[in-house]
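A short write-up of the structure that comes next.
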Amino acid sequence: MRFCFMAVGLDRPVSTVLMPVSELTVERTVAPIIHVLQSYKHLKLKDCVTVDVIIVHREVEGRNRRAINIGSDRLKKKSVLMIPYDEGLCCSKEILYALAHFENDRPSINAMRDIRRPCLLTKARDLHKDAGVSLRACSYEEYCNF
């Protein structure tokens, strides 16, 4: 479970880490928000506050089934994709990686993973151009354009 908070005066959304429901406490949810609110001198929250709750349903381990364990898989990097961060195009790279993995397109995944080939960078620039988003790091509102 993960919480994302967005207010009108914030530059980017405030989000908690992805955690199991058993570890969810009020302190772990409110601490990132308080940390951000203390850094702003003037912030009006009465205009609009949006809260997105992201719930990831995980399989339960059983016979011949392996469930995803976030704590260990994150370190092994088996189920977590590493997105190269350069030139501020990470949003479009995430979308391209996700589509390739969703369609199970192995040649595209291997071509995008190879850092010597500019395949991923070229596709990311084309996606930015098609969406009408400038070539820089995307804000929360620009994610909707993709």
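Numbering (our numbering), first residue to last: 10 to 155. Beta carbons: idealized from backbone N, C-alpha and C, even for Gly.
6 Å CB neighbourhood of residue i in its chain, flanking five on each side removed
i    : result
S117 : A109
R74  : none
C157 : For residue 157 there is no data in the structure shown, the boundaries of the chain being 10 and 155.
V142 : E151, N154
H44  : none
Cβ shell of residue i (< 7 Å), same chain only, five flanking positions each side left out
i    : result
T25  : R11, F12, R37, T38, P41
H137 : L98, S101, L144
E103 : I92
L33  : M10
Beta-ladder partner(s) of residue i, from DSSP
i   : result
A76 : A76 is not bridged to any residue.
I63 : R11
V58 : A16
Three-state secondary structure (DSSP) of residue i
i    : result
R24  : The question names Arg, yet the displayed sequence has Ser at residue 24. In the structure shown, S24 sits in a strand (DSSP, three-state: E or B).
M91  : coil
P84  : At residue 84 the sequence reads Leu, which differs from the Pro that was named. DSSP places L84 in helix when its eight states are reduced to three.
E151 : helix
K132 : helix
R122 : helix
S143 : coil
P116 : helix
K102 : helix
P41  : helix
L33  : coil
K50  : coil
CB-CB length for residue i against residue j, believed under 8 Å
i    : j    : result
A140 : N154 : 5 Å
P22  : Y149 : 5 Å
A16  : V58  : 5 Å
G18  : L46  : Their Cβ separation, rounded to whole angstroms, is 10 Å, which puts G18 and L46 out of contact at 8 Å.
V60  : F14  : 6 Å
Contacting residues, own chain, Cβ-Cβ under 8 Å from residue i (five flanking each side not counted)
i    : result
Y152 : C100
A120 : R126, C128, L129
D56  : A16, V17, G18
Below-8 Å beta-carbon distance, residue i vs any chain D residue
i   : result
F14 : Going by chain labels, chain D is absent from the structure shown, which holds only one protein chain.
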